[in-house]
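Everything below concerns the one structure shown next.
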Amino acid sequence: MGTLSIKESNKGSIKLSQVALLVSSIISLSSYSAMAEDVTGIAVDVDEKITVTGSRFDRTADQQLTVINTIEREEIARLNPKSVADVLETLPGVSISRNGGAGQATSVSVRGSNSNHVLVLIDGVKVGSATLGTVSFNTLSPENIERIEVLKGPRASVWGSDAIGGVIQIFTRQLKHGEWFAGAEYGSNDYIRGSFGTGMSHGNGSTTLAVNHEQSDGYDVYNGAPVENDDDGYNRTSLSLKGSQQINQNWQALWNGQYDKGNTQYDDIYSFGSADESDFDNYLWNLAAQYSNEQFTSKLALSQSSDANENFRGDDITVPVSVFETKRDQVNWSNQYLAANDLTFIGGIDWSNEAVKGDYAQDERDIFGAYILAQKQWSQLLAEVAVRYDDVENIDSEVSYNASLAYQLTEEWRLAASTGTAFKAPTFNDLYWPGSGNPDLISETAKSYDLTLHYQANDIRAYISLFENNIDNLIAWAPTGEKDDYGFDIWKPANINQAKIQGVEFSANFSVFNLDHQIAYTFLDAENKQTDDELIGRSENEFNYQVSYTWDQVDLLANYHYQGKRYAGSKNYFDATHQLDLSIGYHLDDAWSLRLKANNLFDEEIISAQNYFSPGREFFFSVSYQAF
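To convert, count from 1 in the sequence shown and add 1; that's my numbering.
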């Protein structure tokens, strides 16, 4: 999702009237404070949460200078999503493009960035393909997720390459000793799911084991020529392991692992005879030792991740059409020093080796990074500066930074401003794809600005954020000026494009008349900086509204999502879409619960990518047991 493309009419900058309307919305919402109750909204932003993605260490809301949205296990269970994308789509500034349903290829964009401009971590370990430069969200199971944090804007100053639009970090399930859960679900298109997890203790430590399997016969996701009149199903099995051991007062050992294996059927949109089925086999493991005292914390982690994908024809599984595999070894050393109550230093060193399989001129590279972050408090003013140096083998080195200020205007209101840079290293396909790679490519780079007004009281949390991201040296296919043996132009990737992305992001969580509300809205103006052309796949307006109610043993949740029209290329637009989902839970007792989920209740025809259709109306019924 996210190649640069052409639009038919020019756009101006962000409409001031829309900004003013959003600001007034925050002010008007605060007037509910006299009658509102404690907020328990579904997608909760950073204002009441401890997060780690911004700095790699636990930070409270008043220590964070970037916008971070979080979604916890309880909210994920009530949403009853069929994919990670279903969860992410409820957040402001996050846009999803799907080639069909839950098991199909999915792209995630944060604040209008390309899908490969979002860094994805699982329990602190970078995942994804070094050949395509993206993450297969369709291989991940929501059932094994404890929490998701989504950081908005660049954070290359802490994490390195890819964090141009934002960072998505997924945390796997974690249970205490004696806690366990089990669940089963059946639904439309012969969807079946079974899950189990348990927490086990060992001395001064514990380990969580969780497993999930799901499968669906699917439906025909593609309605174009050539046509394959068949259902496109999927199956996936996920296993996660997470634990820690307190060795003594200062030392702790930590470990986690994730394994995802499955198959996806899809439609060949180019010609008959190409691949229409894919097997994936992904894993990661992480071992860490941590030392901490009152002032100093140091953590050394060794990890490895693998992303393997084998594509073939469903009627001939003996010979793969293509095989892609990335193996990434990582070493991370992170440190935090509390120099004083109002002064904190964070810094560390990262090293990784990326290796890929295939007929590439170069099939591996080393990446080294070092960073430091300082945060200082002066009365109502909080300042933060972060700087990082990265050296990617055979590519120019990069220096990234973030500089942020926040001022506490009143007890409820806080204003934060930040600027930063980021980069995305070229993929192995960009550099070394046989016959068409360009080893002279340099990294894509970005510079951004952000101004955010926060409101927080006991009964309401809200923010409005104005942002701008200027991305240079974007890689796109371009003619080289040379001819092949048949007289045709030779095309190769080149650093030829620039983009300017401006937007407004608004989020509010509040409770009125025993109903919990969560509102997310994003206005986006994304253009080719050189030609003023519109970018493919971006909606100017995207809106999500959730309302939930709990009464005795019953909980109700309704989720409405609107996505405005999006440019599809060649003077075409995808129509705006409306989707309403409904989830009803009935708790038989403290352990047993039943849930009925209805997706796309209005049976809206949703086209997310050219001739690819999302599912129509679907129903799911689940039963679960939780011993806590």
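For glycine and all other residues, C-beta sits at the position ideal for the given N, C-alpha and C.
From residue i to residue j, what does the alpha carbon distance come to, in whole angstroms?
i: Leu242; j: Asp221; result: 35 Å
i: Glu147; j: Thr551; result: 22 Å
i: Ile149; j: Ser142; result: 13 Å
i: Val168; j: Ile72; result: 14 Å
i: Ser449; j: Phe424; result: 11 Å
i: Glu394; j: Phe369; result: 9 Å
i: Phe622; j: Tyr260; result: 26 Å
i: Asp268; j: Asp277; result: 5 Å
i: Asp233; j: Gly104; result: 9 Å
i: Gln611; j: Gly617; result: 17 Å
i: Asn224; j: Asn430; result: 29 Å
i: Ser207; j: Ala157; result: 33 Å
i: Tyr574; j: Lys530; result: 21 Å
i: Gly258; j: Gln246; result: 15 Å
i: Ile352; j: Arg194; result: The sequence given here places Trp at residue 352; Ile does not occur at that position. Looking at the two C-alpha atoms, the distance is approximately 38 Å.
i: Lys501; j: Ala62; result: 29 Å
i: Ser162; j: Lys484; result: 34 Å
i: Thr135; j: Ser217; result: 24 Å
i: Asn205; j: Arg57; result: 24 Å
i: Asp360; j: Glu311; result: 15 Å
i: Asp343; j: Thr420; result: 22 Å
i: Asp604; j: Leu581; result: 9 Å
i: Leu597; j: Ser584; result: 6 Å
Can you have a look at residue i and say buried or exposed, based on whether 16 or more other CB atoms are within 10 angstroms of its CB?
i: Pro480; result: exposed
i: Ile465; result: buried
i: Ile607; result: buried
i: Phe182; result: buried
i: Trp252; result: exposed
i: His579; result: exposed
i: Asp486; result: exposed
i: Tyr613; result: buried
i: Ile537; result: buried
i: Pro155; result: buried
i: Ala628; result: exposed
i: Lys358; result: exposed
i: Asp87; result: buried
i: Leu595; result: exposed
i: Pro494; result: buried
i: Ala509; result: buried
With C-beta atoms as the reference, is residue i less than 9 Å away from residue j?
i: Thr91; j: Gln503; result: no
i: Ala404; j: Ala387; result: yes
i: Lys50; j: Ile69; result: yes
i: Arg237; j: Gly586; result: no
i: Asn601; j: Pro93; result: no
i: Leu516; j: Gln554; result: no
i: Gly102; j: Ser615; result: yes
i: Phe524; j: Asn542; result: yes
i: Leu288; j: Leu255; result: yes
i: Thr327; j: Ala106; result: no
i: Arg539; j: Tyr561; result: no
i: Leu382; j: Tyr408; result: yes
i: Tyr192; j: Glu619; result: yes
i: Asp308; j: Phe297; result: no
i: Ser335; j: Asp397; result: no
i: Pro406; j: His455; result: The amino acid occupying residue 406 in the given sequence is Leu; Pro does not appear at that position. Cβ atoms of Leu406 and His455: not closer than 9 Å.
i: Gln266; j: Gly219; result: yes
i: Phe138; j: Val159; result: no
Which partner residues of residue i appear in the DSSP bridge assignment?
i: Lys243; result: Thr209 and Asn257
i: Gln457; result: Arg462
i: Gly263; result: Arg237 and Phe281
i: Ala387; result: Leu374 and Asn403
i: Ala164; result: None; Ala164 has no bridge partner.
i: Val624; result: Ala185 and Leu595
i: Ala341; result: Leu344
i: Pro480; result: Trp492
i: Ile502; result: Asn470 and Ala527
i: Arg174; result: BP columns for Arg174 are empty, so no partner.
i: Arg415; result: Gln409 and His455
i: Ile149; result: Ile72 and Ile171
i: Leu120; result: Val168
Write down the C-beta distance between residue i and residue j rounded to the nearest angstrom, noting that I regard them as a contact closer than 8 Å.
i: Thr199; j: Leu176; result: 7 Å
i: Arg329; j: Val322; result: Arg329 to Val322, Cβ: 24 Å. No contact.
i: Ile476; j: Pro427; result: 6 Å
i: Ile165; j: Ala447; result: 5 Å
i: Val126; j: Val119; result: Wrong, their Cβ atoms sit about 16 Å apart, outside the cutoff.
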